[in-house]
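Number of protein chains: 2
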Amino acid sequence: MAVYTHLTTEELAEFVAHYAVGALRSAKGIAEGVSNSNWLIETAGGRFILTIYETRTDREGLPFFLGLLDHLAEKGGPVPRVIHDRDGAAFRRIHDKPAALIEYLPGVAPDRPDPAQAHAVGAALARLHRDAVDFGGTRRNTMDLPEWRRLLSGCGADGLDRIDPALESLVEPELTALERDWPSGLPRGIIHADLFPDNVLMLGDEVTGMIDFYFACEDLLAYDFAITHAAWAFDKGGGFRPEIAAALAQGYQSQREFARAEKNALPMLGRGAALRFVATRAWDWLHTPADAVVTRKNPMDFARRLAFYRDAGEEAFAL
Amino acid sequence: MAVYTHLTTEELAEFVAHYAVGALRSAKGIAEGVSNSNWLIETAGGRFILTIYETRTDREGLPFFLGLLDHLAEKGGPVPRVIHDRDGAAFRRIHDKPAALIEYLPGVAPDRPDPAQAHAVGAALARLHRDAVDFGGTRRNTMDLPEWRRLLSGCGADGLDRIDPALESLVEPELTALERDWPSGLPRGIIHADLFPDNVLMLGDEVTGMIDFYFACEDLLAYDFAITHAAWAFDKGGGFRPEIAAALAQGYQSQREFARAEKNALPMLGRGAALRFVATRAWDWLHTPADAVVTRKNPMDFARRLAFYRDAGEEAFAL
């Protein structure tokens, strides 16, 4: 949580003047997101989030990410609209970095979702998969299985050992199994790929906004469900919450029925989803100074989920 | 800029439920203030700033600071109202720290004020001095001249040398002169004591909010003007802006005429105001790790202003 780029009031006002939103009335740097700098902006025309994309975001992907928001918002989905500037551009540049003005949406991230909330999130995810079918853009998943292998190799066996003595012996056989058995031939489409509770705004049981599409890409739809499952169906202590898993699946299938092959693949996809976050978090853990501004996320949370998926098999999904 | 205390959505909602402001709709941690943790909160009833007072704030002073805001807001001054909880309390506790809910005000801090803005700020400061006359509370200035001596002694001569080889020889004679010649017998009252542009919200030429009263205390009214002068009447490069100095004085005197003795004392008070910030910033500079989350402010900015006031005498104030 940080604001990496400092902007003066004058720079903020000058940026906002490129949009038909009226004059700047307020701007507060917000301590959210680990990758980008964000301001909550008020103008005569409403409230907005100004995001400056720092180097950790795939800037090449911005036309895809922002075009996808436009497309999903157009379909009435719960995502923020992108405000286009007076020339119609979805993003501009400040301090030689890309920057976008995005609709502010109310809602708070649920700490400990209840089944009704999980049902709504499952449904919102399936709707996103449906609504994106006729979106023209595409983007390769740069955080795919070969990338997990690269990230984990980049940690070195001693790096993983330093995190936890059990990590290497958990991860290596899983990686090998996933490389051997990763499913192919399942339905593909545009996926969010990072739908953690932090990235969902809710008011009560209603999803008011899905945000942070900066890992969105084309991949297996059921893998997106598996990521969401891994992100939502465990409590803070790591315990599995079967009632949340069930509600996510019911919500999802209220909007899009899984194919039989997808159901069969979910246990493997769950292991993949967990390993994906073990890989990125382990790499960050070893490559981020302990006293950095960014809070490192302990990779062991997802290592425990990985072991759970490996051992639970289809029980984790109960479809 | 940081959020020092982490609060879950549930904790935020529970806190807000103690106030008659409706249910929580949004909460964003804001990257402002070097001392406290702040959230911009939206509820069904409006928008608010939630502040958690961290250890750098004088927590004993909170009834005074918040009572002063109540008093000034009651008089119609441009300060945020304090929202009282359902039991009438001005602050509560979260994570064993005091926390208050304060009205959100629009406006942005001016980067490079123009004379009309400086006039408005001078007038707002004088109005604050007037409006506070019948405020019942009081608080000793804990950041007074003896404290500057203590802070600078705590830096050690070698500490000041490490900041800049010229600093010790500038500061020591000034401190001695101020201890000898600091004025007494001037009008006293409640002062803001920290009215930097960061602490003033403006829309155009209008002051919409004076904020951060956490150094407010009883002291010489003209000293508060001298602090404001030192904080506003220089450009980012350190150059004196006589047109701003004149506008501040005209604005102030549009609401409250200086006594002759105050005018005579201002050159000495300007040196004191500059030295006060040299002292606190030098101490922070030496006692804050270079890689800390908090941005250290270079004490040399105010050392240069100190030398300016010493050399310019009454020219700085042109009264």
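Quick mapping for you: the protein sequence lines, in order, are chains A and B. For the first sequence, our numbering begins at 12 and goes up steadily by one. For the second sequence, our numbering begins at 12 and goes up steadily by one. Don't be surprised by glycine CBs; every beta carbon is placed ideally from N, CA and C.
* Smallest Cα separation from G99(B): which of P121(B), P74(B) and P194(B)? -> Ranking the options by Cα distance to G99(B), first place goes to P74(B).
* Report the rounded CA-to-CA distance for L80(B) versus L23(A), giving the unit in angstroms. => Going by C-alpha positions, L80(B) is about 29 Å away from L23(A).
* For L116(B), which of helix, strand or coil comes out of DSSP? -> In the structure shown, L116(B) sits in coil (DSSP, three-state: anything other than H, G, I, E or B).
* Asked: Which chain B residues sit within Cβ distance under 7 Å of K39(A)?
  -> Result: I41, E43 and L51.
* Asked: What are the complete beta strand (DSSP E) segments, minimum 3 residues, inside the region 193-227 of chain A?
  -> DSSP runs (the beta strand (DSSP E)) wholly in the region 193-227 of chain A: 199-202, 211-214 and 217-221.
* To do: Using three-state DSSP, classify M12(A) as helix, strand or coil.
  => Low local confidence applies: a pLDDT of 41 at M12(A) is under 50, so the model's placement there is unreliable, and no value is given.
* To do: For L268(A), name the three-state secondary structure that DSSP assigns.
  => Checking the displayed sequence, the identity of residue 268(A) turns out to be Glu instead of Leu. In the structure shown, E268(A) sits in coil (DSSP, three-state: anything other than H, G, I, E or B).
* Asked: P89(B) and T219(B): beta carbons closer than 7 Å?
  -> With contacts defined by Cβ atoms closer than 7 Å, P89(B) and T219(B) form a contacting pair.
* Continuous beta strand (DSSP E) stretch holding G40(A): start and end -> Secondary structure note for G40(A): its beta strand (DSSP E) is the uninterrupted segment L35 to I41.
* Asked: If you draw a straight line from the C-alpha of W296(A) to the C-alpha of P310(A), how long is it?
  -> If you take the alpha carbons of W296(A) and P310(A), they lie about 7 Å apart.
* Is it true that the region 149-158 of chain B meets the region 225-232 of chain B, where meeting means three or more beta-carbon pairs spaced less than 8 Å apart? -> Touching, yes, given that three or more Cβ pairs across the two stretches are closer than 8 Å.
* To do: State the CB to CB distance for the pair A241(A) and A285(A), rounded to an integer number of angstroms; the pair is presumed to be in contact (CB under 8 Å).
  => Going by Cβ atoms, the distance from A241(A) to A285(A) rounds to 5 Å, so yes, they are a contact pair.
* Can you tell me whether DSSP reads F59(B) as helix, strand or coil? -> Strand, per DSSP.
* Asked: Cβ of A110(B) less than 7 Å from any chain A Cβ?
  -> Output row for A110(B): interface = no.
* If you check the beta carbons only, do D175(A) and E21(B) fall under 7 Å apart? -> In this structure, D175(A) sits away from E21(B), with a CB-CB distance that is not shorter than 7 Å.
* To do: Give the straight-line distance between the Cα atoms of D223(B) and R287(A), rounded to the nearest whole angstrom.
  => Taking the Cα positions, D223(B) is about 44 Å away from R287(A).
* Would you mind working out which of G56(B), K86(B), G118(B) and L139(B) sits nearest I94(B), comparing C-alpha positions? => For the residues G56(B), K86(B), G118(B) and L139(B), the minimum Cα distance to I94(B) belongs to G56(B).
* Asked: Name the chain B residues that come within less than 8 Å of T20(A), Cβ to Cβ?
  -> From the beta-carbon of T20(A), the residues of chain B found nearer than 8 Å are V119, A120, P121 and D122.
* To do: Please classify V144(A): is it buried, with 16 or more other beta-carbons within 10 angstroms of its beta-carbon, or exposed?
  => If you draw a 10 Å sphere on the C-beta of V144(A), you find fewer than 16 other C-beta atoms in it, and that means exposed.
* **Under 7 Å from the C-beta of L35(B): neighbouring residues of chain A** => Residues of chain A with a Cβ closer than 7 Å to the Cβ of L35(B) are, in chain order, V119.
* Asked: Listing by chain order, which chain A residues have their CB less than 9 Å from the CB of L277(B)?
  -> Neighbours of L277(B) on chain A: none; closest Cβ ~29 Å, over 9 Å.
* Could I get the ranges of all uninterrupted alpha helix (DSSP H) runs contained in the region 228-281 of chain A, with 4 residues as the minimum, in chain order? => Secondary structure remark: continuous alpha helix (DSSP H) runs of at least 4 residues inside the region 228-281 of chain A, in chain order: 232-243 and 253-266.
* Asked: For L214(B), which residues in chain A fall below 8 Å Cβ to Cβ?
  -> Within chain A, the residues placing a beta-carbon under 8 Å from that of L214(B) are R36, ordered along the chain.
* Asked: Which term fits K247(B), buried or exposed, when burial requires 16 or more other beta carbons within 10 angstroms of its beta carbon?
  -> That one is exposed.
* To do: State the start and end residues of the unbroken beta strand (DSSP E) segment that holds L51(B).
  => Counted as a single uninterrupted DSSP element, the beta strand (DSSP E) harbouring L51(B) occupies residues S48 to T54.
* Is the distance from the Cβ of G78(B) to the Cβ of G148(B) below 7 Å? -> Taking 7 Å as the Cβ cut-off, G78(B) and G148(B) qualify as a contacting pair.
* Can you check the region 120-202 of chain B for any beta strand (DSSP E) of at least 3 residues that lies completely inside it and give the ranges in chain order? => Assignment of beta strand (DSSP E) within the region 120-202 of chain B, counting only whole runs of 3 or more residues, yields 199-202 in chain order.
* To do: Report the partner residues of V93(A) according to the DSSP bridge assignment.
  => Among the bridge pairs identified by DSSP, V93(A) is matched with I113(A).
* Within its chain, find whatever has a CB closer than 7 Å to the CB of A318(B); leave out the 5 residues flanking it on each side and keep chain order. => Same-chain partners within the cutoff: L181.
* To do: Would you kindly report the start and end of the unbroken beta strand (DSSP E) that includes R67(A)?
  => It is not in any beta strand (DSSP E) - R67(A) carries neither H nor E in the DSSP assignment.
* To do: Along the alpha helix (DSSP H) that carries R316(B), what are the first and last residues, could you check?
  => Note, R316(B): alpha helix (DSSP H), M311 to A323.
* What number of angstroms, rounded off, separates the C-alpha of A293(B) from the C-alpha of D312(B)? -> Near 11 Å, if we compare the C-alpha coordinates of D312(B) and A293(B).
* Considering D81(A), what are the terminal residues of the alpha helix (DSSP H) in which it resides? -> Here the alpha helix (DSSP H) through D81(A) covers L73 to E85.
* Asked: When you compare only the Cα positions, how much space is there between R316(B) and R36(A)?
  -> The C-alpha of R316(B) lies about 31 Å from the C-alpha of R36(A).
* To do: Leaving out five residues on either side along the sequence, give the residues of the same chain with a beta carbon under 6 Å from the beta carbon of L83(B).
  => Cβ neighbours of L83(B) beyond the five flanking positions: V90 and D142.
* To do: Check the DSSP bridge columns for K108(A) and list the partner residues they point to.
  => Partner(s): I105(A).
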